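Residue numbers (our numbering): 138 to 488.
Pasting the structure below:
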């Protein structure tokens, strides 16, 4: 029988394996590219990574090395024993951060970054707003003129493409967290005024259409495997929150199954905001939401669910309060002559 004292450690071990082995599986694509068939050596004691190598590669009894002589034993050997043997061995560092002193130590043993050794946990990378293009060996490719981008320690295969015609005010930032290939594409002539922050996790996808405007202090969070699509010519007021994903796992205790899996491609894991949608101040838009084109989200609304085109939705929770409308950003115009025909339509009834 498991003791109460041992229970937290057992749960923590299970959680580590469940989360980290898929993570190592994604990182292995890059490692395989660089190691070119050489034998993997693990720097530091990382039992879960050894388990991953056994499961996915059939590698058992993989050598573990340390940079400290006194820790060497039958299971952990001193790295000096494989000094200048980078033609045979490729070093993977699963848990330790990519600190300069550790890098220099590996260099002294004949192992250069990427070519001969790979840090899974790299340093946080800050791409300042004056840098238009950035690429690195972790397959991160950033084209973000005038917008600051931060890549967290486990951010791999992040693709960000912002059109040069977009404009940014102060304190705007895109943050990418965890491995998995997050993708962000922002169309031409979008406007981000002050304090607009977008955070994406692994396998997240964000698409923002042209001529969409964010006023200020808006936060968008897109969790792993989730998708946020925002159409063209939308207008977002201030202090808006958009959460694509639930943030925590929810389970059915009878079926013992998770009911809100973060799986890419699942139509439930999406926020879809159509073209020419006006979102009022302090609104909150949650996962599994679809808003039809030319609609209006009232100030302070809590939005979750499917809503048709050309309607006004408001309230907590939001409900349709009026149909057959359209809108214009030009507040002094009293006629509809200037509104494009594509935005003038009757609200479509649900089947």
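All residues carry an ideal CB built from backbone N, CA and C; glycine is no exception. Bear in mind the structure is a predicted one, so any value in this text is a computation, not a measurement.
- For residue 274 and residue 292, the gap between their C-alpha atoms comes out near 11 Å.
- Assignment of residue 165 by DSSP, reduced to helix, strand and coil, places it in the helix class.
- Using a Cβ-Cβ distance cut-off of 8 Å, the segment 387-403 and the segment 343-356 are not in contact, since fewer than three pairs of beta carbons, one from each stretch, lie closer than that value.
- Under the DSSP assignment, residue 242 falls in the alpha helix (DSSP H) whose first and last residues are 237-245.
- Remark: C-beta atoms of residue 179 and residue 201 approach each other more closely than 8 Å.
- By the criterion of at least three beta-carbon pairs nearer than 8 Å, the segment 178-192 is not in contact with the segment 311-331.
- With a cutoff of 8 Å on beta-carbon distance, residue 230 and residue 255 are scored as near each other.
- In terms of Cα proximity to residue 304, the closest of 412, 451, 333, 262 is 333.
- Only exposed fits residue 234, as fewer than 16 other CB atoms lie within 10 angstroms of its CB.
- Rounded to the nearest whole angstrom, the CA to CA distance from residue 266 to residue 381 is 25 Å.
- Annotated three-state conformation of residue 469 is coil, per DSSP.
- Using a Cβ-Cβ distance cut-off of 8 Å, the segment 373-380 and the segment 412-429 are in contact, since at least three pairs of beta carbons, one from each stretch, lie closer than that value.
- For residue 185, the uninterrupted alpha helix (DSSP H) segment begins and ends at 184-194.
- In this structure, the straight-line span from the alpha carbon of residue 358 to that of residue 336 is close to 5 Å.
- Taking residue 222 as reference, the option from 213, 241, 177 with the minimal CA-CA separation is 177.
- Annotated three-state conformation of residue 257 is coil, per DSSP.
- For residue 366, the enclosing beta strand (DSSP E) begins and ends at 364-367.
- Under the 8 Å Cβ criterion, the segment 407-415 counts as touching the segment 425-436, having at least three qualifying pairs.
- Contact check for residue 363 against residue 446 fails: the beta carbons are separated by 8 Å or more.
- Distance from the Cα of residue 156 is smallest, within the candidate group 458, 328, 439, 189, for 189.
- In terms of Cβ geometry, residue 232 and residue 204 do not form a close pair [threshold 8 Å].
- Closest option to residue 217, judged by alpha-carbon separation, among 244, 195, 437: 244.
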